[in-house]
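To keep things clear, I will list the structure first and then write my remarks on it.
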Amino acid sequence: MKHLRLISLLTIFMLLFAVPALVAADDDDADGDEVRLVLAGWSSSTEETNTLNALLEEFTATTGIEVEWQISTDHRTQLQTAFASGTYPNVFYIDSSYLLDWVDAGVVAIGEDVVEDQDGFYEALLDIFTVGGTLYCPPKDFSTMALQFNQDLFDAAGLDYPTADWTWDDVYAAAEALTDPDAGVIGLVTPPELPRWLPFLHQNGGIIFDEITGEYAMNDEAALEALAFYISFSTDGIGGAPSVVDAGWGGEAFGEGRAAMAMEGNWVINYLLEDYPELNWGVVELPVGPVERATMAFTVCYGVGADNDFLEESWELVNFLTGEEGQLATTEVSFGPMPTRPSAAEAYVEVWLPRSEGRGFDAGDVEAFIAGAEYSYPWQLPVGFGPFVDAFNAALQRAFAGEITAEDVIAEAEAAAMEIMGN
Amino acid sequence: MTTTSQSKTEKQYIETASLSRTFIRRSFATLTVTLLVVFALVQTVPFALTIANSLKCRPVVQQRPQVFIPSPPFGVDCRTETGAALPAEATSTLFTFNPALEGYQRVFEYNLDVWFLNTVYYAVAITVLRLIFDSLAGYALARIRFPGNRVFFFIILGTMMIPGVVLLVPRFIILQQLGLLNTYQGVILTLGADAFGVFLMKQFFESIPPEIEEAAMVDGANRFVMFGRVILPMATPALTALAIFSFQGTWNNFMDLLIIVGGDASKHNLPLGLAQLRGQFGDTLEWNTFLAGAVIATIPLALLFFFFQRYFVEGISYTGLKG
Numbered sequence: 006m007k008h009l010r011l012i013s014l015l016t017i018f019m020l021l022f023a024v025p026a027l028v029a030a031d032d033d034d035a036d037g038d039e040v041r042l043v044l045a046g047w048s049s050s051t052e053e054t055n056t057l058n059a060l061l062e063e064f065t066a067t068t069g070i071e072v073e074w075q076i077s078t079d080h081r082t083q084l085q086t087a088f089a090s091g092t093y094p095n096v097f098y099i100d101s102s103y104l105l106d107w108v109d110a111g112v113v114a115i116g117e118d119v120v121e122d123q124d125g126f127y128e129a130l131l132d133i134f135t136v137g138g139t140l141y142c143p144p145k146d147f148s149t150m151a152l153q154f155n156q157d158l159f160d161a162a163g164l165d166y167p168t169a170d171w172t173w174d175d176v177y178a179a180a181e182a183l184t185d186p187d188a189g190v191i192g193l194v195t196p197p198e199l200p201r202w203l204p205f206l207h208q209n210g211g212i213i214f215d216e217i218t219g220e221y222a223m224n225d226e227a228a229l230e231a232l233a234f235y236i237s238f239s240t241d242g243i244g245g246a247p248s249v250v251d252a253g254w255g256g257e258a259f260g261e262g263r264a265a266m267a268m269e270g271n272w273v274i275n276y277l278l279e280d281y282p283e284l285n286w287g288v289v290e291l292p293v294g295p296v297e298r299a300t301m302a303f304t305v306c307y308g309v310g311a312d313n314d315f316l317e318e319s320w321e322l323v324n325f326l327t328g329e330e331g332q333l334a335t336t337e338v339s340f341g342p343m344p345t346r347p348s349a350a351e352a353y354v355e356v357w358l359p360r361s362e363g364r365g366f367d368a369g370d371v372e373a374f375i376a377g378a379e380y381s382y383p384w385q386l387p388v389g390f391g392p393f394v395d396a397f398n399a400a401l402q403r404a405f406a407g408e409i410t411a412e413d414v415i416a417e418a419e420a421a422a423m424e425i426m427g428n
Numbered sequence: 042m043t044t045t046s047q048s049k050t051e052k053q054y055i056e057t058a059s060l061s062r063t064f065i066r067r068s069f070a071t072l073t074v075t076l077l078v079v080f081a082l083v084q085t086v087p088f089a090l091t092i093a094n095s096l097k098c099r100p101v102v103q104q105r106p107q108v109f110i111p112s113p114p115f116g117v118d119c120r121t122e123t124g125a126a127l128p129a130e131a132t133s134t135l136f137t138f139n140p141a142l143e144g145y146q147r148v149f150e151y152n153l154d155v156w157f158l159n160t161v162y163y164a165v166a167i168t169v170l171r172l173i174f175d176s177l178a179g180y181a182l183a184r185i186r187f188p189g190n191r192v193f194f195f196i197i198l199g200t201m202m203i204p205g206v207v208l209l210v211p212r213f214i215i216l217q218q219l220g221l222l223n224t225y226q227g228v229i230l231t232l233g234a235d236a237f238g239v240f241l242m243k244q245f246f247e248s249i250p251p252e253i254e255e256a257a258m259v260d261g262a263n264r265f266v267m268f269g270r271v272i273l274p275m276a277t278p279a280l281t282a283l284a285i286f287s288f289q290g291t292w293n294n295f296m297d298l299l300i301i302v303g304g305d306a307s308k309h310n311l312p313l314g315l316a317q318l319r320g321q322f323g324d325t326l327e328w329n330t331f332l333a334g335a336v337i338a339t340i341p342l343a344l345l346f347f348f349f350q351r352y353f354v355e356g357i358s359y360t361g362l363k364g
């Protein structure tokens with residue numbers, strides 16, 4: 006009988022704690038008095054987590070609005086399931102690459118009239134989060150691409166260090182001189198991915214979609230030329246994918262000294278200082294293209310949920326976090342992304358001073374990343390263009406292997422784009 | 042005298058004759074041991090490297106991942122006073138490294154304690170529920186004749202044939218409609234009974250001779266008394282095996298937890314939390330922190346295995362399945 010009693014007790018206990026869950030799920034929204042916001046985003050480090058928590062506490066102290074920060078592990082997927090279920094966070098990070106999808110889904114509130122001090126942001130960044138002339142959300146932080154070079158390898162080859170006014174030919178010539186097949190060193194690491202190549206496209210005056218007509222435009226002479234140039238590093242044996250030198254990504258190839266130059270974003274600074282402290286390296290802006298200067302901006306904004314019980318309070322929070330004070334505070338511990346207000350740029354450079362002290366890196370070089378804000382293009386594609394990126398990357402890999410030509414890659418990408426737009 | 046010498050020569054004769062056989066047997070044994078040592082090393086090296094690398098500074102992990110011999114000074118600082126990282130040479134040589142606690146310090150700055158407690162909670166609750174439900178269901182299917190007995194058994198068995206991933210989406214939708222997403226109950230109720238356990242218990246109960254129950258019945262015991270007093274105590278080995286499997290499986294469960302509580306960081310378990318340490322883009326992986334988390338997640342299970350090794354092996358032989 007003892008067992009029987011135990012079993013029934015446990016069953017009752019289990020049912021007891023299951024039932025409140027069913028009830029509790031309904032009255033979550035019904036809480037009237039207390040304003041409680043949910044902020045969903047990711048964090049790249051403990052320092053970032055701690056700073057944001059401190060900022061949120063300060064926000065609660067001054068406004069009385071409680072904020073719960075939910076750290077996403079797979080932000081895009083988690084938010085999309087939340088959107089599908091109908092209840093989603095009040096405020097959430099939106100990466101520029103999928104902004105258009107989410108705006109299209111109608112889950113992002115319009116920020117045009119509520120975002121404060123819009124003149125204080127980099128204009129290029131505001132443009133990225135403006136869809137059809139309407140600003141949706143203020144930029145949280147951003148990253149740009151620049152050229153990293155290994156000073157020791159340049160010295161050994163007797164070459165002058167790169168400068169901001171290098172041209173494509175200069176990069177190619179340097180890569181050729183720096184390549185050393187016996188030592189397993191390539192001149193420039195060129196990941197076979199669309200966003201890594203896009204700066205070359207823009208530098209050559211090309212674009213994926215015509216800005217005025219909106220038509221697909223990545224099939225002209227400019228695109229072909231830029232792509233042929235990018236592929237030539239691999240086919241001529243002076244560059245190639247990170248895997249060519251047994252690295253997982255460009256930063257690792259560069260850190261290991263197996264690539265003399267890399268074109269990574271500012272996320273590489275912390276990685277190199279932390280994992281390769283003895284490396285002597287520098288950063289300059291990307292080379293000037295035949296037509297213009299260009300780089301890519303990878304950026305994130307604070308979006309406010311359209312279906313929102315606390316719309317006003319949500320904007321208050323977003324304005325607090327993207328305001329001057331919020332930007333300065335995040336900058337102090339930001340180990341990667343840059344502040345979106347020029348007024349905080351200086352503070353960003355200073356962050357690196359103590360951490361690079363006595364190392365082979367000059368903190369002043371991070372200016373090269375900041376400079377990119379002025380002439381950057383967004384990493385952003387229209388709704389449903391995921392397969393286009395996949396098709397392009399797959400074709401580019403085959404082109405790297407010498408199986409197909411730049412013309413074929415352009416043709417395959419166009420076919421993929423046409424198929425998506427035809428639907 | 043004669044008998045002794047005789048037996049001596051006989052012995053010598055036998056010894057000479059079997060010398061070559063002994064030699065073969067010895068060299069065979071040596072070969073076996075060598076092979077076993079090699080396999081043991083192959084199995085142990087990843088663990089040794091995990092522990093070693095969790096104790097290194099980041100530059101050492103990157104540049105000398107294979108070094109596994111610690112050397113004093115212990116507990117070195119990975120950084121200069123200004124916070125700049127020290128080069129790999131400063132905290133390691135070509136064959137030894139100075140252990141640092143940076144990885145462990147940093148992993149505790151994440152929510153490791155929450156993940157740990159959650160993992161224990163899930164593992165204990167699910168194991169208890171599975172012991173109850175699996176043994177009850179297993180007993181009913183093994184002993185009680187009721188209409189549809191076999192149909193029920195095949196339905197339960199059938200769920201084992203469906204690949205787990207197929208169930209992820211329906212499970213998510215059902216839990217969402219019940220309002221159980223991102224709750225502890227959602228995890229515990231969903232995983233609180235499983236087909237494998239029912240099958241295991243049924244097979245075991247069928248191996249118990251029915252005469253024992255008949256004897257109990259003659260003494261006036263009803264079904265529940267018979268189950269609780271007679272059958273369950275006899276099933277201790279199977280219950281132990283089931284408990285160990287459930288605990289181990291739940292402790293390491295990643296996929297189900299990701300689907301059910303993935304949206305609420307405060308309810309994550311260790312595997313989910315460790316995945317979070319990978320950072321959003323994977324490039325920023327702090328190896329020493331990540332491996333320190335992995336070591337901490339492994340210790341309880343390693344201890345469990347150490348103390349219950351006998352039952353683990355027994356459990357495997359019951360089911361003919363690999364744990």
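Residue numbers (the working numbering), protein chains in the order written: chain Y, 6 to 428; chain P, 42 to 364.
In this text, a Cβ means the ideal position worked out from N, Cα and C, and glycines have one as well.
Since this is a predicted model, take the numbers as computed values, not measurements.
- Listed along the chain, the chain P residues whose CB falls inside 9 Å of the CB of Leu278 (chain Y) are Ala125, Ala126.
- Of all residues in the stretch 348-368 of chain Y, the ones placed with a Cβ closer than 7 Å to any Cβ belonging to chain P are Pro359, Arg360, Ser361, Glu362, Gly363, Arg364, in chain order.
- Listed by position along chain P, the residues whose Cβ is nearer than 7 Å to that of Tyr380 (chain Y) form an empty set, because the closest Cβ is around 24 Å away.
- Of the candidates P:Arg66, P:Val79, P:Gln226, P:Pro278, P:Gln226 places its Cα closest to the Cα of Asn159 (chain P).
- In this structure, the straight-line span from the alpha carbon of Val169 (chain P) to that of Val239 (chain P) is close to 14 Å.
- Judged by beta-carbon spacing, Val354 (chain Y) lies within the 8 Å limit of Ala368 (chain Y), meaning their Cβ atoms are closer than that value.
- The straight-line gap separating the alpha-carbon atoms of Glu419 (chain Y) and Gly255 (chain Y) is approximately 27 Å.
- Our two residues, Tyr93 (chain Y) and Leu216 (chain P), have alpha carbons roughly 16 Å apart in a direct line.
- DSSP places Asp109 (chain Y) within a helical segment (H, G or I) once states are collapsed to three.
- Considering only Y:Arg298, Y:Leu104, Y:Ala404, Y:Ala311, the residue with the shortest C-alpha distance to Phe205 (chain Y) is Y:Arg298.
- DSSP places Asn324 (chain Y) inside the alpha helix (DSSP H), whose first and last residues are 316-327.
- Pairing Ala70 (chain P) with Gly304 (chain P), the inter-Cα distance amounts to about 55 Å.
- One Cα belongs to Asp100 (chain Y), the other to Cys306 (chain Y), and the distance between them is close to 7 Å.
- Inter-residue distance for Tyr163 (chain P) and Gly220 (chain P) is about 19 Å (C-alpha atoms, whole angstroms).
- Taken atom to atom, the span from the alpha-carbon of Ile229 (chain P) to that of Met423 (chain Y) is near 48 Å.
- Judged by DSSP secondary structure, Glu73 (chain Y) falls within the beta strand (DSSP E) whose first and last residues are 71-76.
- Shown here, Ala333 (chain P) sits in a helix according to DSSP, grouped into three states.
- By the CB criterion at 8 Å, Val120 (chain Y) and Leu104 (chain Y) fall outside the cutoff.
- Asn159 (chain P) is not bridged by DSSP to any residue.
- Sequence-distant partners of Trp202 (chain Y) (beyond 5 residues in either direction) whose C-beta falls short of 6 Å from its own C-beta, in its chain, are Tyr235.
- In the three-state DSSP reduction, Asp185 (chain Y) falls in the strand class (E or B).
- Within chain Y, the residues placing a beta-carbon under 8 Å from that of Arg99 (chain P) are Glu279, Asp280, ordered along the chain.
- Going by C-alpha positions, Lys243 (chain P) is about 27 Å away from Leu342 (chain P).
- Counting along the chain, the unbroken alpha helix (DSSP H) around Val356 (chain Y) starts and ends at 350-360.
- Following the DSSP letters along the chain, one finds Ala276 (chain P) in no alpha helix (DSSP H), marked with neither H nor E.
- For the 8 Å CB-CB criterion, Leu193 (chain Y) and Leu158 (chain Y) do not form a contact.
- In the DSSP annotation of this structure, the continuous segment of the alpha helix (DSSP H) that includes Gln103 (chain P) starts and ends at 99-104.
- For Glu283 (chain Y), the C-beta contacts it makes with chain P under 8 Å involve Pro100, Pro128, Ala129, Glu130, in order along the chain.
- Of the other Cβ atoms in all chains shown, fewer than 16 fall within 10 Å of the Cβ of Val192 (chain P); this residue is therefore exposed.
- According to DSSP, residue pairing for Phe147 (chain Y) in a beta bridge involves Y:Thr304, Y:Met343.
- Assignment of Gln385 (chain Y) by DSSP, reduced to helix, strand and coil, places it in the coil class.
- For Ala45 (chain Y), the beta-bridge partners assigned by DSSP are Y:Gln75, Y:Phe97.
- With respect to the 8 Å criterion, Ala183 (chain P) and Glu255 (chain P) are not classified as neighbours on the basis of their beta carbons.
- Using a Cβ-Cβ cut-off of 8 Å, Gln350 (chain P) is close to nothing in chain Y; its nearest Cβ partner there is about 28 Å away.
- Under DSSP, Thr137 (chain P) takes part in a beta bridge, and its partners are P:Ile110.
- The alpha-carbon of Leu44 (chain Y) is positioned some 50 Å away from that of Ala161 (chain Y).
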